[in-house]
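> Here you go, one structure.
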Amino acid sequence: MKLRNVSKEELYRCSYGCAGCASVLAVRLTLKVLGRNSVFVVPANCISTVSCYYPQAPFFVPMTVMAFAATGAALCGISAGFKRRGREDIHVVGFSGDGGTADIGIQSLSGAIDSGYKFIYICYDNEAYMNTGIQRSGLTPYGATTSTTPSPCFENRPKKDMMRIVAAHDIPYAATACTSYPLDYMQKVEKASKVNGPTYIHVLAPCPTGWGFPPERTIEIGRMAVESGMWQLMEFEGGEFRITHTPRRRRPVAEYFEAQARFRHLRLEEIEAIQREIDASR
Amino acid sequence: MPGKAPVKKYITANEAVAHAARLARVEVIAAYPITPQTSIVEKLASFIASGEMDADFIKVESEHSALTACMGARMAGVRAFTSTSSQGLEYMHEMLAYSSGGRYPLVMANVCRSVALPWSIWGDQQDAIQQRDTGWIQLFTETAQEALDMVLQAYRIAEDHRILLPVMICLDGFIQSHTEELVEIPDQESVDAFLPPYDPVVTLDVDDPHSISVGGFGKHYAAWRKEQQEAAERAKEVIVEVGDEFARIFGRHYGGLIEAYRIEGAQAVLLTMGALVGTAREVVDEMRAEGKAVGLIKVRAFRPFPAEELRQALSQVKAAAVLDRDCSYGYEGALATDLKAALYGLANPPAVLGFIGGLGGADVPPERMRYMLERALSVKKGAPSSAEFIDL
Numbered sequence: 001m002k003l004r005n006v007s008k009e010e011l012y013r014c015s016y017g018c019a020g021c022a023s024v025l026a027v028r029l030t031l032k033v034l035g036r037n038s039v040f041v042v043p044a045n046c047i048s049t050v051s052c053y054y055p056q057a058p059f060f061v062p063m064t065v066m067a068f069a070a071t072g073a074a075l076c077g078i079s080a081g082f083k084r085r086g087r088e089d090i091h092v093v094g095f096s097g098d099g100g101t102a103d104i105g106i107q108s109l110s111g112a113i114d115s116g117y118k119f120i121y122i123c124y125d126n127e128a129y130m131n132t133g134i135q136r137s138g139l140t141p142y143g144a145t146t147s148t149t150p151s152p153c154f155e156n157r158p159k160k161d162m163m164r165i166v167a168a169h170d171i172p173y174a175a176t177a178c179t180s181y182p183l184d185y186m187q188k189v190e191k192a193s194k195v196n197g198p199t200y201i202h203v204l205a206p207c208p209t210g211w212g213f214p215p216e217r218t219i220e221i222g223r224m225a226v227e228s229g230m231w232q233l234m235e236f237e238g239g240e241f242r243i244t245h246t247p248r249r250r251r252p253v254a255e256y257f258e259a260q261a262r263f264r265h266l267r268l269e270e271i272e273a274i275q276r277e278i279d280a281s282r
Numbered sequence: 001m002p003g004k005a006p007v008k009k010y011i012t013a014n015e016a017v018a019h020a021a022r023l024a025r026v027e028v029i030a031a032y033p034i035t036p037q038t039s040i041v042e043k044l045a046s047f048i049a050s051g052e053m054d055a056d057f058i059k060v061e062s063e064h065s066a067l068t069a070c071m072g073a074r075m076a077g078v079r080a081f082t083s084t085s086s087q088g089l090e091y092m093h094e095m096l097a098y099s100s101g102g103r104y105p106l107v108m109a110n111v112c113r114s115v116a117l118p119w120s121i122w123g124d125q126q127d128a129i130q131q132r133d134t135g136w137i138q139l140f141t142e143t144a145q146e147a148l149d150m151v152l153q154a155y156r157i158a159e160d161h162r163i164l165l166p167v168m169i170c171l172d173g174f175i176q177s178h179t180e181e182l183v184e185i186p187d188q189e190s191v192d193a194f195l196p197p198y199d200p201v202v203t204l205d206v207d208d209p210h211s212i213s214v215g216g217f218g219k220h221y222a223a224w225r226k227e228q229q230e231a232a233e234r235a236k237e238v239i240v241e242v243g244d245e246f247a248r249i250f251g252r253h254y255g256g257l258i259e260a261y262r263i264e265g266a267q268a269v270l271l272t273m274g275a276l277v278g279t280a281r282e283v284v285d286e287m288r289a290e291g292k293a294v295g296l297i298k299v300r301a302f303r304p305f306p307a308e309e310l311r312q313a314l315s316q317v318k319a320a321a322v323l324d325r326d327c328s329y330g331y332e333g334a335l336a337t338d339l340k341a342a343l344y345g346l347a348n349p350p351a352v353l354g355f356i357g358g359l360g361g362a363d364v365p366p367e368r369m370r371y372m373l374e375r376a377l378s379v380k381k382g383a384p385s386s387a388e389f390i391d392l
């Protein structure tokens, strides 16, 4: 895939997303790869909230709103139905947030991967329950404040490792991505679309409203997440993990933290401890 | 009757329900094990394994997912089936309301069982009754044959474009689910003549994209809910219509929303739902033979509620004894409450005596039914009633 070949067609437009919303960007990029031959399942999350109130209809492909905990099961049912109708060519896509994936929807996701049906489950991760007002989720990183982990009681547990969780299901294909690396993301979506089985893509989607940075810095913040090592771009395929992008220069995590309101309360020694942990994991 | 002669077999109601799903040409099954439902989906799995049925069996990890997967199959334009009981039905609760509000024509068999705590795997109807307000059409059956026949009818009712609501066929745990009866299994040709292929109104169609099952503010939300209520009310006619057509093809008729049994000139009438109707029939026969003016009403449709039919049937009756296998704690049995509401405003309404029994699989022997009818015969017109637990 080359950037100049990316479709100019916008199959998702006119949402009520916040300025600088990377989750909206993730939907657009996904549809640029998959095109009109795809259907979307969107559970309770920011995207359904900013897209799915009648008579608004920003999706130009078929989509359904789904109950919070039910994305994986809906993907199975739809995929089974299309299989019965000889339409396995249609991409069945789940578009769920971090809470909908790692918390309330994790059981259904586990069952869905286990079922073996063909679908692409995309977790767009803005690291908290944003549409209900920035409450912590299982994917809120250690050290972040949210409306349910206010300073000084910041989130005291690490982000759940969804990649290892889905890999433990022996999933045929899984990947992490970030909206600040669109080509890398789109290549992974394309790869997933060619797998005849369950696939999972976890895309980090910086949230200006919830993370506390100006909307024009969304792309920059995503890059900082990857350059600092707070987020890694990788694939899981054939039972192996593989890093798909290694930053040319390593950025101190302090710079990433300083750029966002949610980490401002962290003391120097706490930041240094996080930095040491990142360095040790490399 | 078209087609070859139907097969008669001694089978349980669970097996009968599995035959119905097979004959309905269900293409997607998603189910999770729970007693006393499990033998339905085991049988369906064996039909698929032996090639008697061509369907996908989705191995889900919970009932919540089972119902969701069935909804997903419907979104893809394919007929689906699931069944459950008790805790499983409760675990589905969110998706019950979700699917009815989304107007998905799902069909599910619920093998009625008590709910925990206290733990009990045995039968009563608390599970189904607790889902009363989720927007599902709830039809109760008495026999294995009726369970089979009603699953077939349920697909016609649910998928009717005037209705588009999910239908729950209730059968009583163990009394029906695990008891063999002689059942006539219809032939495929006759079922095909009765039940045409699924004709969905809207699907996830890439050539005609729609956002479906979306949200609505204020007036839109209210307008859709009013449409849902109108469809549920309309279902009263469609249930009767489908039952009549079924009778024309298969020769079995169950009486529409209610079946009134020997209520001509009755002073006291017993009302109940499900398998206990069988015992009640015998008790009414015995008491009639003794010259006592008693009758029976089998309530087949719990939602939509047959208020008008009950008003008419009970307009000349002195007292109605209601046997509920459920309790709305802090009030009374649900059927008793709904009956009283239906009778409100009637010039000369019967007294309503509420009884709660058959809980947690407790046997309700004929003498208990006789007791309820005797109480109703001796009650003073309009006398207040309460929820009396008859198992103790």
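Heads up: the protein sequence lines correspond to chains A and B, in order.
The first sequence begins at 1 in our numbering and counts up one residue at a time.
The second sequence begins at 1 in our numbering and counts up one residue at a time.
Here a beta-carbon is modelled for each residue, glycine too, at the ideal position from N, C-alpha and C.
#1: Taking only the alpha-carbon atoms, compute the straight-line gap between E90(B) and D192(B) and give it to the nearest angstrom.
#2: Considering only residues of the same chain and omitting the five flanking positions on each side of I390(B), which have a CB-CB separation below 6 Å?
#3: Quick one: which chain B residues come within Cβ less than 8 Å of N37(A)?
#4: DSSP puts S180(A) in a beta bridge; with which residues?
#5: Alpha carbon to alpha carbon, what distance is there between G243(B) and M1(B)?
#6: Check Q87(B) in the structure and name its three-state DSSP category.
#7: Pull the bridge partners of A192(A) from the DSSP assignment, please.
#8: Is DSSP giving H293(A) helix, strand or coil here?
#9: So with Cβ pairs under 7 Å, would you call M1(B) a contact of chain A?
#10: Helix, strand or coil: which one does DSSP assign to C76(A)?
#11: Hey, how far is the Cα of V167(B) from the Cα of R132(B)?
#12: Do you know whose CA, among T199(A), R157(A) and C178(A), lies nearest H169(A)'s CA?
#13: Between E27(B), C112(B) and Y344(B), which lies nearest to G51(B) when the distance is taken from Cα to Cα?
#14: Rounded to the nearest angstrom, how far is the Cβ of L339(B) from that of L271(B), given a contact under 8 Å?
#15: Who are the near neighbours of P36(B) in its chain, counting only those whose CB is closer than 8 Å to its CB and skipping five residues on each side?
#16: Please name the residue or residues paired with N110(B) in a DSSP beta bridge.
#17: Give the secondary structure of P252(A) by DSSP, where H, G and I count as helix, E and B as strand, and everything else as coil.
#18: Smallest Cα separation from G111(A): which of A31(B), I185(B) and Q138(B)?
#19: Should P306(B) be labelled buried (16 or more other beta-carbon atoms within 10 Å of its own) or exposed?
#20: Mark E155(A) as exposed unless 16 or more other C-beta atoms lie within 10 angstroms of its C-beta, in which case mark it buried.
#21: Can you list, in chain order, the residues of its chain with a C-beta nearer than 6 Å to that of A74(A)? Leave out the 5 residues immediately preceding and following it.
#22: When the cut-off is 7 Å and only beta carbons count, does E94(B) lie next to chain A?
#23: Scan the region 98-129 of chain A for residues whose Cβ lies nearer than 9 Å to a Cβ of chain B and list them as they occur along the chain.
#24: In three-state DSSP terms, what is M1(B)?
#25: Compare the beta carbon distance of V253(A) and I221(A) with 7 Å and say whether it is the shorter of the two.
#26: Short of 7 Å in beta carbon distance, which residues of its chain neighbour A45(B), apart from the five on each side in sequence? Order them along the chain.
#27: With a threshold of 7 Å on Cβ separation, who are the neighbours of L3(A) within its own chain once the five nearest residues in sequence on each side are excluded?
#28: So is T134(B) buried or exposed if we call it buried at 16+ other beta carbons inside 10 Å?
#29: Taking C-beta pairs closer than 8 Å, name the residues in chain A that V78(B) reaches, listed in chain order.
#30: Whole angstroms is fine: what's the gap from M186(A)'s alpha carbon to V92(A)'s?
#31: Starting from the C-beta of C70(B), find all residues in its chain whose C-beta is less than 6 Å away, skip the five residues before and the five after it, and write them out in chain order.
#32: At a Cβ threshold of 7 Å, is V214(B) touching chain A?
#33: Using the Cα positions of A351(B) and D285(B), report the straight-line distance between them to the nearest angstrom.
#34: Quick check on DSSP: helix, strand or coil for R300(B)?
#35: Going by beta-carbon coordinates alone, are A175(A) and K194(A) separated by less than 7 Å?
#36: Looking only at C-alpha atoms, which of A66(B), L96(B) and E184(B) sits nearest to I11(B)?
This is what the structure holds:
#1: 33 Å
#2: F355, G357 and R368
#3: V206
#4: Partner(s): none; S180(A) has no beta bridge.
#5: At M1(B), the pLDDT of 46 sits below 50, so the modelled position is not reliable; the number obtained from the coordinates is stated separately. So the alpha carbons of these two residues sit roughly 16 Å apart.
#6: helix
#7: DSSP output for A192(A) lists no bridge partner at all.
#8: With chain A running from 1 to 282 in the structure shown, residue 293(A) is simply not present.
#9: Since pLDDT at M1(B) reaches only 46, below the 50 mark, its modelled position is unreliable, and the value read off the structure follows with that caveat. Not closer than 7 Å to any Cβ of chain A, the Cβ of M1(B) fails to qualify, so no.
#10: helix
#11: 12 Å
#12: T199(A)
#13: E27(B)
#14: 6 Å
#15: N14, S85, V111, R113, I121, G123, G173, F174, S177 and H178
#16: T84(B) and C170(B)
#17: coil
#18: A31(B)
#19: buried
#20: buried
#21: V41 and M66
#22: yes
#23: Q107, S108, S110, G111, A112, D114, S115, G116 and Y117
#24: Bear in mind that a pLDDT of 46 at M1(B), under 50, signals an unreliable position, so the model cannot answer this.
#25: no
#26: F57
#27: L183
#28: buried
#29: A80, G81, R84 and R85
#30: 16 Å
#31: A30, A80, T82 and L106
#32: yes
#33: 22 Å
#34: coil
#35: no
#36: E184(B)
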